[in-house]
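Protein chains: 2
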Amino acid sequence: MDNEKLMYIEECGLLFDKLGLTRMAGRAFGYLVVCDEDHVSFDQIREALKASKGSISGTMKQLVQTGMAEALSLPGDRKTYYRISKVKIGDLIRQRIGQFTELAEILQKGDDLKERDDDTSDWLTEASIFHYWIGDQLDGIIKQWENDKQKIIHQYNENRKEHST
Amino acid sequence: MDNEKLMYIEECGLLFDKLGLTRMAGRAFGYLVVCDEDHVSFDQIREALKASKGSISGTMKQLVQTGMAEALSLPGDRKTYYRISKVKIGDLIRQRIGQFTELAEILQKGDDLKERDDDTSDWLTEASIFHYWIGDQLDGIIKQWENDKQKIIHQYNENRKEHST
DNA sequence: TATTTGGTTCATTAATTTTTGAACTAAATA
DNA sequence: TATTTAGTTCAAAAATTAATGAACCAAATA
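Line by line, the protein sequences are chains A and B. Heads up: the first sequence is residues -13 to 151, going by the working numbering. Heads up: the second sequence is residues -13 to 151, going by the working numbering.
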């Protein structure tokens, strides 16, 4: 594998780390992206990332569980293969919307626990409603994506062309 | 401080942990929320959380730096006080939009590095554009919040009343 | 200027998270 | 049934991250 790709894999590791996931999961994801085969075996991944079987086993379980990779098996072949999950993109975000709701809830709960009605109460109310509201908005936005994605992709591609001329 | 509030503080710790921040930062945030004073001193926080000066020093720096708390000093008093930052709510999210852009960029970069044009390429293109697009959408949504927030808050409050009757 | 107060820094320690590797299971082949 | 292959599990080691506490600095007071 050429150096640029190896660097890309490490870069993915760092980004995943930053996003609160593990570095190894990022690397595995990056490898699945640039490996230039539709799917690769457990052992190819282990070899590419130079990690132990145990580590790969756990990492791939993570990626599959979070919907970023999918496992597949082929008839007459006992290996497990993995590939980037072609899951509906909106679903990836839908999972994260829960975080907004959780934040909204804890802010409201804090507001309810307060005994004094002050500046901070006002802010807590506002912040809580904001997080509920933005969760709702994101739901709508994702639906829009799913309806209009062809058009949107087209527009972005046109735009990219323009800027590269 | 009553038990319910102490539990709330720990709950905030767990949530912050889940969101990829530190538990202590969550606790300090929770304390600022429920302490029922507009602002509290470094030492009140240290006492409430039963942590070392060093730990509080670092934690408060974190909270201030991420815009979740603000430090203030009072004339004729050499202590530093902290309170929940009444920062424009939209700004908290604006910071996070960068994450979408970063993801979009790494997906596009991966697509560019690929030598084969396949299913995965299609998905990468789509996923990358989606993340750029949703960043743009969020920008718009936050502007809408800032324009209409009175109305939105009113609506949510009406709604809350209805459901509690 | 000396002392006290309020907080920061940073090396050490503690806790947590990741990774490894050896032992194991389960399925396929011989 | 015995062997090989593919992967999982889990305890121990390694690495990373957070917390402590002692030494320190700077500003305010005596």
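Yeah, the Cβ is synthetic: ideal placement off N, Cα and C, and Gly gets one too.
Whole-angstrom C-beta distance between residue j and residue i, which should lie under 8 Å
{"i": "residue 92 (chain A)", "j": "residue -3 (chain B)", "result": "7 Å"}
{"i": "residue 57 (chain B)", "j": "residue 18 (chain B)", "result": "Actually they are not in contact, since the Cβ atoms of residue 57 (chain B) and residue 18 (chain B) sit about 11 Å apart, beyond 8 Å."}
{"i": "residue 70 (chain B)", "j": "residue 131 (chain A)", "result": "With 8 Å as the limit, residue 70 (chain B) and residue 131 (chain A) do not qualify as a contact, their Cβ atoms being about 34 Å apart."}
{"i": "residue 20 (chain A)", "j": "residue 124 (chain B)", "result": "In fact, because the Cβ distance is near 28 Å, the residues do not count as touching under 8 Å."}
{"i": "residue 49 (chain A)", "j": "residue 28 (chain A)", "result": "About 12 Å; that fails the 8 Å criterion."}
{"i": "residue 1 (chain A)", "j": "residue 112 (chain B)", "result": "Not confirmed; about 19 Å, so no contact."}
{"i": "residue 122 (chain A)", "j": "residue 107 (chain A)", "result": "Not really, about 23 Å apart at Cβ, beyond 8 Å."}
{"i": "residue 128 (chain B)", "j": "residue 76 (chain B)", "result": "4 Å"}
Between the CA atoms of residue j and residue i - distance to the nearest angstrom
{"i": "residue 170 (chain A)", "j": "residue 62 (chain B)", "result": "It is not possible to answer for residue 170 (chain A), since the shown part of chain A is limited to -13 through 151."}
{"i": "residue 146 (chain A)", "j": "residue 105 (chain B)", "result": "21 Å"}
{"i": "residue 102 (chain A)", "j": "residue -1 (chain A)", "result": "46 Å"}
{"i": "residue 119 (chain A)", "j": "residue 151 (chain A)", "result": "40 Å"}
{"i": "residue 47 (chain B)", "j": "residue 86 (chain B)", "result": "26 Å"}
{"i": "residue 51 (chain A)", "j": "residue 82 (chain B)", "result": "24 Å"}
{"i": "residue 126 (chain B)", "j": "residue 148 (chain B)", "result": "29 Å"}
{"i": "residue -13 (chain B)", "j": "residue 34 (chain A)", "result": "54 Å"}
{"i": "residue 78 (chain B)", "j": "residue 64 (chain A)", "result": "49 Å"}
{"i": "residue 144 (chain A)", "j": "residue 133 (chain A)", "result": "19 Å"}
{"i": "residue -10 (chain B)", "j": "residue 3 (chain B)", "result": "20 Å"}
{"i": "residue 43 (chain A)", "j": "residue 43 (chain B)", "result": "40 Å"}
{"i": "residue 136 (chain A)", "j": "residue 68 (chain A)", "result": "27 Å"}
{"i": "residue 72 (chain A)", "j": "residue 72 (chain B)", "result": "41 Å"}
{"i": "residue -5 (chain B)", "j": "residue -5 (chain A)", "result": "39 Å"}
Buried versus exposed call for residue i [16 or more other C-beta atoms within 10 Å across all chains shown]
{"i": "residue 174 (chain A)", "result": "Absent from the model: residue 174 (chain A). The displayed extent of chain A is -13 to 151, so no value can be given."}
{"i": "residue 10 (chain B)", "result": "buried"}
{"i": "residue 80 (chain A)", "result": "exposed"}
{"i": "residue 45 (chain A)", "result": "buried"}
{"i": "residue 140 (chain A)", "result": "exposed"}
{"i": "residue 117 (chain B)", "result": "buried"}
{"i": "residue 32 (chain A)", "result": "buried"}
{"i": "residue 36 (chain A)", "result": "exposed"}
{"i": "residue 39 (chain B)", "result": "exposed"}
Reference residue i, options the options, closest by Cα
{"i": "residue 53 (chain A)", "options": "A:121, A:101, A:74, A:-12", "result": "A:74"}
{"i": "residue -7 (chain B)", "options": "B:3, B:126, B:13", "result": "B:13"}
{"i": "residue 66 (chain B)", "options": "B:30, B:38, B:114, B:36", "result": "B:30"}
{"i": "residue 41 (chain A)", "options": "A:96, A:8, A:133", "result": "A:8"}
{"i": "residue 114 (chain A)", "options": "A:95, A:128, A:129", "result": "A:95"}
{"i": "residue 59 (chain A)", "options": "A:-10, A:47, A:72, A:26", "result": "A:26"}
{"i": "residue 90 (chain A)", "options": "B:-11, B:142, B:-9, B:-10", "result": "B:142"}
Proximal chain B residues relative to residue i, where beta-carbon distance stays under 7 Å
{"i": "residue 113 (chain A)", "result": "75"}
{"i": "residue 123 (chain A)", "result": "127"}
{"i": "residue 72 (chain A)", "result": "105, 109"}
Listed by chain order, chain A residues near residue i by CB distance under 9 Å
{"i": "residue 24 (chain B)", "result": "102, 104, 105, 106"}
{"i": "residue 16 (chain B)", "result": "92, 96"}
{"i": "residue 69 (chain B)", "result": "105, 106"}
Proximal chain B residues relative to residue i, where beta-carbon distance stays under 9 Å
{"i": "residue -3 (chain A)", "result": "92, 95"}
{"i": "residue -6 (chain A)", "result": "92, 95, 96, 99"}
{"i": "residue 139 (chain A)", "result": "111, 112, 115, 116, 119"}
{"i": "residue 42 (chain A)", "result": "Under the 9 Å cutoff, chain B gives no residues; its nearest Cβ is about 20 Å from residue 42 (chain A)."}
Contact list for residue i against chain A, beta-carbon separation under 8 Å
{"i": "residue 83 (chain B)", "result": "What residue 83 (chain B) touches in chain A: nothing, since even the nearest Cβ is about 12 Å away."}
{"i": "residue 6 (chain B)", "result": "5, 6"}
{"i": "residue 20 (chain B)", "result": "96, 99, 100"}
Under 8 Å from the C-beta of residue i: neighbouring residues of chain B
{"i": "residue 142 (chain A)", "result": "115, 118, 119"}
{"i": "residue -9 (chain A)", "result": "99"}
{"i": "residue 1 (chain A)", "result": "88, 89, 92"}
Within chain A, partners of residue i - CB distance below 7 Å
{"i": "residue 31 (chain B)", "result": "Result: empty, since nearest Cβ-Cβ is about 15 Å, beyond 7 Å."}
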